[in-house]
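Numbering (our numbering), first residue to last: 33 to 75.
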């Protein structure tokens, strides 16, 4: 199951793993929000 979560009105891609029963989040999206970077892949 893929979902989009919102954090400070910005999208963070996420995916639920049924087997592990865990959420996984896109680190690139998280870095973009936390660093307010236009190119988060540089980090």
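Glycine included, each C-beta is placed from N, C-alpha and C at the ideal position.
query: When burial is assigned at 16 or more other CB atoms within 10 Å of the CB, is residue 64 buried or exposed?
result: buried
One or two residues paired with residue 66 in a DSSP bridge: DSSP lists no partner for residue 66.
message: By the DSSP assignment, the beta strand (DSSP E) with residue 49 in it spans what residues?
response: 42-49
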